[in-house]
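Here is the structure we will look at, set down as structure tokens.
2 protein chains.
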Amino acid sequence: MRGIHARTMLLSRVYRHFFCFRMHHHRVSQLFQPLTVIPKDATLKKEETTSLSQKLMVNCGILSSRSNGMYAFLPLGQRALTKLTKVIDEEMASVNAQRLSLPLLTPGQLWKITGRWESTGQELLKVKDRHEKDYVLSPTHEEAIVNFIADIYPFSHRHLPLRLYQITSKIRDEMKPRFGLLRCKEFLMKDLYTFDVSEEAAVSTYMEICKAYDRVFQRIGVPFIKVEGDCGNIGGSFSHEYHYPAAIGEDTLLLCQKCGTATNAELLSDSSHTCSGCGEHLTKTMGIEVGHTFCLGTKYSKPLNCCYQNEKGKPSLMQMGCYGLGVSRILAAAVEVLSQGEQIRWPWILAPYKVCIISPKKGSKEAKAVSWVDHLAQVISNIPSLQDDVIIDDRETLTIGKRVLEAKKTGYPIIIVVGKKACELVPLFEVIDMIKESTENLTQRQVLEYLREYVKHCST
Amino acid sequence: MRGIHARTMLLSRVYRHFFCFRMHHHRVSQLFQPLTVIPKDATLKKEETTSLSQKLMVNCGILSSRSNGMYAFLPLGQRALTKLTKVIDEEMASVNAQRLSLPLLTPGQLWKITGRWESTGQELLKVKDRHEKDYVLSPTHEEAIVNFIADIYPFSHRHLPLRLYQITSKIRDEMKPRFGLLRCKEFLMKDLYTFDVSEEAAVSTYMEICKAYDRVFQRIGVPFIKVEGDCGNIGGSFSHEYHYPAAIGEDTLLLCQKCGTATNAELLSDSSHTCSGCGEHLTKTMGIEVGHTFCLGTKYSKPLNCCYQNEKGKPSLMQMGCYGLGVSRILAAAVEVLSQGEQIRWPWILAPYKVCIISPKKGSKEAKAVSWVDHLAQVISNIPSLQDDVIIDDRETLTIGKRVLEAKKTGYPIIIVVGKKACELVPLFEVIDMIKESTENLTQRQVLEYLREYVKHCST
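This is the structure in structure tokens:
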């Protein structure tokens, strides 16, 4: 009796294990990824100004255009956004920045005080509530956060430095939205605001935050250029911009090949094409702005009277900085820069799934190898940084070839085919590496070694 | 030489360990938690209609009122929201629902087609963009998602059932916002939309989703009542509501103590206070609505022509359901129900930090016990479900008593004091359990056993 009971227990454990495991892996058959099939003779409407990233992400069911300049993030896009948000959260935590969220609607009165109610122009979308009170659909939150901090009184100097950020949707009523997420009306942005006791402390904060920004961009891994920036409508004493160099970029950057300095051309007079540092001729590059840091001084704390109590108990204006990352824009710009032709390329760290396993076709000679699929998914998921990052293309009525093509288009960095060679005495799996652009037939043990090695070398 | 090298290696490892460890623990001295100090003789302005949760969360630096009916989530509130979001994501994944995000702005035209442009009344906030195009600041997304799905053509019956949800900010221009997050103008909501081939399949989906909702509320652990609901402005054939019973609730619920059925009083005529099932007298309770599920039929798919291709290749209307969870409202309602007097109580699973360790006061007799603090934080963080859930109140110029009081107000479920008894030969730590309302002096080993036992029994 005891033996039977033990066996039942064991079976139930095996069953449970098997059950969990079936539940755990994501499957393409279940994935909502509406592909756009474009007839070969289709002509784009003249007014559509599109970009490679927009075309690929929309056609591949990652984004959907819902209205002029407004996009829905579909499940794969949402996953990529979540991954980018995690990287940003981690780097913000490393500089002691704390996350909060402010309302999207900011009282218009605050924007009137700083003068931006008028100066921002038509890009600022305004709304009146039922009581005729003015609100701004905030494109940025300097007014809102400074007013909030100013409301906290007394605010002791001991609570500074203070670093607060949010990752929320912002609205800008673009005259002519274009290039998909690169210039749209509703976008996801990370905005950080810093508060310090003195100019000196604010500059030191500024440098620390810039280093955190450098780390964010290094982890994403797309080459970037940091340039002296234009303070524009945000204002302040100095700023830097982070750009992804790309032909479609809307900013002209001037780079000095000799001393390495870089500047946004808006800052220079038309004629000045020599480096102010070394006199070398400057090279022109177009860039997509993906981040912007501002040393603000008291530009906002003064009109909104945002003070701390200094050591003598006297009110003193806070010295501020603000720092933006275009979260949804980074995603699209990375795809824009990395992709080629019909295939999306994601930065390794942002890929919606890192590994796609393709099962054998039903009724084919290799069909019996299907038992390998879940097992392989399981052992790969056991690699800590690949947990929840494996998807199985289980649409077994489609040929392997068609599914490989779709996996390449979607941009999974590693595609593993369980095909003919998986039926051999020593089963081999075809590992298609889209980053190294190589294909190898490997045993299960070699697949795991390959991926472990990969994970080790790719920034995470 | 080798010996020296080994020792250097070891030291560097110890140093690195120590370094990571200092960085890792959250500290109250670093936390942005602006407390409101209310003078004892203060009188509330007459027009402020407040609730216990609003008062506690605002005074305790968890929320900040930024404008009439609009709140900022401060770091502790943001952490609680993130935890609730995680629970919801997990339960949605368990029923194969996929997360996406739709724009906040929905074209007004879609709301005109369904008739809700007019019927929603003044609660619907509308805006015109610079090209005079109408948009809705969406309080819900039936129109937006149905229009999106309808745009995907052909949509094969093989892709159904489909379940899509988002967790995003919604806007409702309340006439009279009140009770903090319980009735405000900008709120965080989870909205799920389901699509099925037939009424039968839609009802089966409905039941499956209701079970997932039950699990969400069971995991939060606050007692809830599920009642037959009023379809209201959303419409459809039937609905259920999830309520937290509370005196401040704005819905009247009628419960049958005998057969267990429960109904929203809005559904019944004034005189009907007997159970339709068993004739028993019904008991009245007030409830805060925290979730609502609707079986919609073709209410939205019909006007917006949302079809799938059936097996014969013919278009057929999709059968829908929609399911809401008031994410920010659940947070406040849970605090409303659980808290007493001046102290917040969080559901265990949503507490911003689960354990607060209070270090000894500087210059006191027990000051030398300070070396225990980081160590204790480290060993507790090693319990998997308490990782990143420990905060140290390191404000060592304040007395232990003052800090314990503040920790109780903030609602950390477990408070551990490193005080006098930590200096004894066998160091003891005072464990204040706010859920069991008990205090015990335990050794380090006992503290860990206590917490492990706790974690095992509390739903996570």
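Line by line, the protein sequences are chains A and B.
Counting in my numbering, the first sequence runs from 436 upward without gaps.
Counting in my numbering, the second sequence runs from 436 upward without gaps.
Don't be surprised by glycine CBs; every beta carbon is placed ideally from N, CA and C.
Taking a cut-off of 8 Å for Cβ pairs, the segment 572 to 579 of chain B and the segment 522 to 531 of chain B do not touch, as fewer than three such pairs fall below it. Closest in alpha carbon position to residue 872 of chain A, among A:774, A:878, A:813, is A:774. DSSP places residue 597 of chain B in the uninterrupted beta strand (DSSP E) bounded by 597 to 606.
Straight-line measurement puts the Cα of residue 788 of chain B at about 6 Å from the Cα of residue 826 of chain B. Closer than 8 Å to the CB of residue 602 of chain A there is not a single CB belonging to chain B. Residues of chain A with a Cβ closer than 8 Å to the Cβ of residue 628 of chain B do not exist; the shortest Cβ-Cβ separation is about 11 Å. The beta carbon of residue 605 of chain A sits closer than 7 Å to the beta carbons of 573, 574, 575, 622, 624 from its chain, once the five residues preceding and following it are set aside; these are given in chain order. One Cα belongs to residue 704 of chain B, the other to residue 504 of chain B, and the distance between them is close to 32 Å. The beta-carbon separation of residue 815 of chain A and residue 790 of chain A, rounded to 6 Å, stays under the 8 Å limit for a contact. In this structure, residue 638 of chain B sits away from residue 757 of chain B, with a CB-CB distance that is not shorter than 8 Å. Annotation: residue 708 of chain A to residue 693 of chain A spans about 14 Å, alpha carbon to alpha carbon.
The beta-carbon of residue 614 of chain A is placed no less than 8 Å from the nearest beta-carbon of chain B. Among the residues of the segment 636 to 654 of chain B, none has a Cβ less than 7 Å away from any Cβ of chain A.
Relative to the Cα of residue 771 of chain A, the nearest Cα in the group A:818, A:722, A:754, A:743 belongs to A:722.
Below the 7 Å Cβ cutoff, chain A contributes 534, 535, 536 as neighbours of residue 513 of chain B, in chain order.
Secondary structure within the segment 743 to 775 of chain B: the alpha helix (DSSP H) runs of 4 or more consecutive residues, fully enclosed, are 762 to 773 (chain order). Looking at the DSSP output, residue 562 of chain A shares a beta bridge with A:570. For the segment 721 to 755 of chain B, the set of positions with a beta-carbon nearer than 8 Å to some beta-carbon of chain A is empty. Within the model, the alpha-carbon separation for residue 749 of chain A versus residue 545 of chain B is close to 56 Å. Within the DSSP bridge table, the entry for residue 699 of chain A names A:688 as partners.
If you check the CB distance, residue 617 of chain B and residue 764 of chain B come in under 8 Å. Around the beta carbon of residue 518 of chain A, a 10 Å sphere encloses 16 or more other beta carbons of the protein chains shown; the residue is thus reported as buried.
One thing to note: residue 595 of chain A has its Cβ within 8 Å of the Cβ of residue 743 of chain A. Contacts between residue 596 of chain A and chain B, judged by CB atoms closer than 8 Å, are missing: the closest CB pair is about 10 Å apart. Residue 653 of chain A and residue 893 of chain A have their C-alpha atoms roughly 11 Å apart.
Between residue 857 of chain A and residue 488 of chain A, the gap from beta carbon to beta carbon reaches 8 Å or more. The DSSP-derived three-state label of residue 677 of chain B is strand. With a 10 Å radius around the Cβ and a threshold of 16 neighbouring Cβ atoms, residue 699 of chain B comes out buried. Cβ neighbours of residue 780 of chain B within its own chain (closer than 6 Å, five residues either side excluded): 773, 774, 846. In the DSSP assignment, residue 614 of chain A forms no beta bridge with any residue.
Using a CB distance cut-off of 8 Å, residue 465 of chain B counts as an interface residue toward chain A. For residue 648 of chain A, no beta strand (DSSP E) encloses it; the enclosing alpha helix (DSSP H) starts and ends at 634 to 655. Distance between residue 819 of chain A and residue 746 of chain A, taken at the CA atoms: about 49 Å. Close partners of residue 527 of chain B in chain A (Cβ separation under 8 Å) are lacking, with about 11 Å as the shortest Cβ gap. Residue 568 of chain A and residue 620 of chain B have their C-alpha atoms roughly 13 Å apart. Boundaries of the alpha helix (DSSP H) around residue 809 of chain A: 806 to 816.
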